[in-house]
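One structure below.
Number of protein chains: 2
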Amino acid sequence: MLNDLKNPGPRDCGDCPIRHRAVCARCEADELEQLDQIKYYRSFEAGRTVIWAGDQMDFVGSVVTGIATLTQTMEDGRTQMVGLLLPSDFVGRPGRETAAYDVVAVSDMVMCCFRKGPFEDMIAKTPHIAQRLLEMTLDELDAAREWMLLLGRKTAREKIASFLSILARRNATLNLGQAGGAMSFELPLTREAMADYLGLTLETVSRQISALKKDGVIELQGKRLVNVPDFDRLLDEAGDDSDGGMLS
Amino acid sequence: MLNDLKNPGPRDCGDCPIRHRAVCARCEADELEQLDQIKYYRSFEAGRTVIWAGDQMDFVGSVVTGIATLTQTMEDGRTQMVGLLLPSDFVGRPGRETAAYDVVAVSDMVMCCFRKGPFEDMIAKTPHIAQRLLEMTLDELDAAREWMLLLGRKTAREKIASFLSILARRNATLNLGQAGGAMSFELPLTREAMADYLGLTLETVSRQISALKKDGVIELQGKRLVNVPDFDRLLDEAGDDSDGGMLS
DNA sequence: CCTCGAGCTTGATCGAGATCAAAGTTAAAA
DNA sequence: TTTTAACTTTGATCTCGATCAAGCTCGAGG
Chain G
5 MLNDLKNPGP RDCGDCPIRH RAVCARCEAD ELEQLDQIKY YRSFEAGRTV
55 IWAGDQMDFV GSVVTGIATL TQTMEDGRTQ MVGLLLPSDF VGRPGRETAA
105 YDVVAVSDMV MCCFRKGPFE DMIAKTPHIA QRLLEMTLDE LDAAREWMLL
155 LGRKTAREKI ASFLSILARR NATLNLGQAG GAMSFELPLT REAMADYLGL
205 TLETVSRQIS ALKKDGVIEL QGKRLVNVPD FDRLLDEAGD DSDGGMLS
Chain E
5 MLNDLKNPGP RDCGDCPIRH RAVCARCEAD ELEQLDQIKY YRSFEAGRTV
55 IWAGDQMDFV GSVVTGIATL TQTMEDGRTQ MVGLLLPSDF VGRPGRETAA
105 YDVVAVSDMV MCCFRKGPFE DMIAKTPHIA QRLLEMTLDE LDAAREWMLL
155 LGRKTAREKI ASFLSILARR NATLNLGQAG GAMSFELPLT REAMADYLGL
205 TLETVSRQIS ALKKDGVIEL QGKRLVNVPD FDRLLDEAGD DSDGGMLS
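Heads up: the sequence lines are chains G and E, in that order. The first sequence lines up with residues 5 to 252 when you count with this note's numbering. The second sequence lines up with residues 5 to 252 when you count with this note's numbering.
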């Protein structure tokens with residue numbers, strides 16, 4: 005495992021776990037070939053900072069495995085997470101010199117990186133990449149706006165329930181099946197990181213998780229493993245529209 | 005003026021006030037020609053709803069003149085503004101059937117609309133449009149993330165100061181010149197709409213504006229006209245990095 | 001084995017902003 | 001001109017989540 009981490013080595017796009025969801029999803033064989041020539045893999049241990057806000061960014065790329073966070077910090081140290089990067093998510097902004105946010109690996113993580121200049125050229129020449137990137141960016145914008153509602157208007161309890169619903173739903177789409185009300189998953193973040201994401205303090209996060217547990221909305225095995233006996237109940241606590249956007 | 009509103013009539017892209025900033029900014033003459041064939045203008049009086057969340061959306065378009073808001077509402081009526089649409093901003097999402105947010109005209113407004121189907125075709129065929137739309141979407145995503153920091157971590161006073169800085173800076177770039185510390189502008193929103201944007205109540209907005217006035221950070225002529233004697237002072241109150249992103 | 005420290009929980013208290021409640025202002029309508 | 005209603009301000013009070021302060025848990029390292 006550590007060997008993989010230190011030197012993930014070249015991989016074939018054919019076996020890539022994010023091949024059909026990342027920025028390269030729409031690429032034809034010849035386009036993949038071109039991408040292949042400017043790509044390289046980088047690994048990061050849990051806790052490592054991938055990029056510091058303000059630093060020169062000479063690459064962009066996709067998360068292949070693991071999880072990272074996008075974080076903004078004020079002068080006095082107040083911190084707000086503005087994105088949670090999962091496998092297939094894109095890091096960096098074509099056309100920008102310096103990073104706007106801190107990117108931190110939360111778990112061990114592998115990225116598929118592209119040198120920025122060549123990638124920008126490809127965007128200009130390869131509509132399939134620009135189109136897919138547009139689509140992904142629009143999705144992120146929607147997610148950011150949903151988060152604005154959460155940050156601006158939801159109670160602490162609703163914030164926690166919303167966050168848990170999102171994690172639960174994501175797990176459901178990955179390990180599909182698991183039908184019916186019950187589902188379970190692991191919390192990828194510490195209480196403090198959750199607080200930064202939700203605009204709360206870590207004490208409030210802890211208290212609200214305890215409260216949801218006491219009320220039977222969730223069950224905990226250890227500190228990180230969450231079991232949701234009734235997903236609709238959780239959605240209800242999140243304060244979202246009842247269907248949760250699954251069918252609409 | 006009302007005549008213009010009722011029937012703005014066809015315009016020539018050549019005189020369009022947003023020609024060089026909107027989604028069409030990069031288009032060549034022949035591409036403009038194509039856009040011209042699927043475009044039409046629509047006017048909205050102040051207060052009119054342009055689109056209701058959930059409605060079928062058969063057009064996308066650009067704000068030409070006036071201001072609109074993008075708003076999300078929870079079942080119980082809590083409301084969060086997730087965007088302020090100024091001239092040249094894009095409305096709608098290619099590839100989506102129904103509107104995700106309420107769009108409301110805050111002032112009298114004119115939009116340059118494109119029928120959705122044909123516009124999607126053009127995106128696929130005209131890289132200049134897709135590229136510009138990508139760039140604009142990335143800018144919006146950055147703005148949304150800045151707003152997440154504001155909603156999650158700033159105090160009421162900082163929120164108001166941040167909002168005023170943004171308006172002041174925008175006015176400065178439009179009516180350029182006005183160098184030195186002092187600048188003035190009009191508030192485009194009611195106290196209630198500001199509250200929805202900032203994740204506050206209208207009473208808190210009113211109180212904080214009064215407080216900033218009492219402390220000499222701003223001056224008011226009437227309820228809507230704001231004068232900022234010292235812009236750096238305002239920036240300071242906003243809690244942002246001192247340079248405010250003007251030079252970085 | 002014990003120690004140590006990072007992460008988590010829980011309690012007590014405080015305070016910023018929400019809520020409830022009047023009034024004041026302004027501009028359009030009658 | 002007066003009326004009216006939308007918008008705004010200001011005051012009093014309450015509450016949710018922040019802050020301050022101990023402890024608890026558990027796994028890694030000595």
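For each residue, glycine too, the CB sits at the ideal point set by N, CA and C. All values reported here derive from a predicted model rather than from experimental measurement.
From Pro233/G to Leu216/G, what distance separates their C-alpha atoms?
12 Å
Apart from the five residues on each side of it in sequence, which residues of its chain come closer than 6 Å, Cβ to Cβ, to Cys31/G?
His132
For Arg157/G, name the three-state secondary structure that DSSP assigns.
helix
Rounded to a whole number of angstroms, what is the C-alpha to C-alpha distance between Lys120/E and Asp59/E?
14 Å
Beta-carbon proximity list for Val64/G, same chain, < 8 Å, skipping 5 on both sides:
Phe94, Val95, Gly96, Arg97, Pro98, Cys117, Phe118, Lys120 and Phe123
Mark Gly220/G as exposed unless 16 or more other C-beta atoms lie within 10 angstroms of its C-beta, in which case mark it buried.
exposed
Say whether chain G places a C-beta atom closer than 9 Å to the C-beta of Thr141/E.
yes
Consider the Cβ of Met152/E: report whether some Cβ of chain G lies at a distance smaller than 9 Å.
yes
Are Ser92/G and Arg46/G touching if we call contact CB-CB under 9 Å?
no
Mapping the DSSP letters down to three states, classify Tyr105/E as helix, strand or coil.
coil
Is it right to say Gly226/G is buried, meaning 16 or more other beta carbons lie within 10 angstroms of its own, or is it exposed?
exposed
Same chain only: Cβ atoms within 8 Å of Arg23/E, ignoring 5 sequence neighbours per side
Cys17 and Ala29
Under a CB-based cut-off of 9 Å, is Met250/G close to chain E?
Summary for Met250/G: the model assigns pLDDT 46, below 50, so the residue's position carries little reliability, and this model does not support an answer.
Output, in chain order, the set of chain E residues within a Cβ distance shorter than 9 Å of Glu79/G.
Gly243, Asp244, Asp245 and Ser246
Helix or strand or just coil, what does DSSP make of Val209/G?
helix
Using a threshold of 9 Å, state whether the C-beta atoms of Glu241/E and Arg161/E are closer than that.
yes
Tell me which same chain residues have a C-beta within less than 8 Å of the C-beta of Leu1/E, skipping the five on either side of it?
Residue coverage of chain E in this structure runs from 5 to 252, which leaves residue 1/E outside it and unanswerable.
Reduced DSSP category for Ala33/E - H, G, I as helix; E, B as strand; rest coil
helix
Identify the contact partners of Asp234/E in chain G, using a Cβ-Cβ distance below 9 Å as the criterion.
Residues of chain G passing the Cβ test: none, with the nearest at roughly 19 Å.
So, does the stretch 143–151 of chain G touch the stretch 134–146 of chain E, judging by three or more C-beta pairs under 8 Å?
yes
From Phe189/G to Tyr201/G, what distance separates their C-alpha atoms?
18 Å
Listing by chain order, which chain E residues have their CB less than 7 Å from the CB of Gln212/G?
Here the premise fails: no neighbours, minimum Cβ distance about 16 Å.
CB contact flag (Gly87/E, Thr159/E, <9 Å):
no
I'd like to know if Ala160/G contacts chain E, where contact means its C-beta is closer than 9 Å to some C-beta of that chain.
no
Please identify the residue among Pro21/G, Met85/G and Ala176/G whose C-alpha is closest to the C-alpha of Leu196/G.
Note on residue identity: the sequence assigns Glu, not Leu, to residue 196/G. Taking only the C-alpha atoms, the option nearest Glu196/G is Met85/G.
Tell me which residue opens and which closes the alpha helix (DSSP H) that Arg195/E is part of.
Arg195 to Leu202
Would you give the residue range spanned by the beta strand (DSSP E) that Ala72/G belongs to?
Ala72 to Thr77
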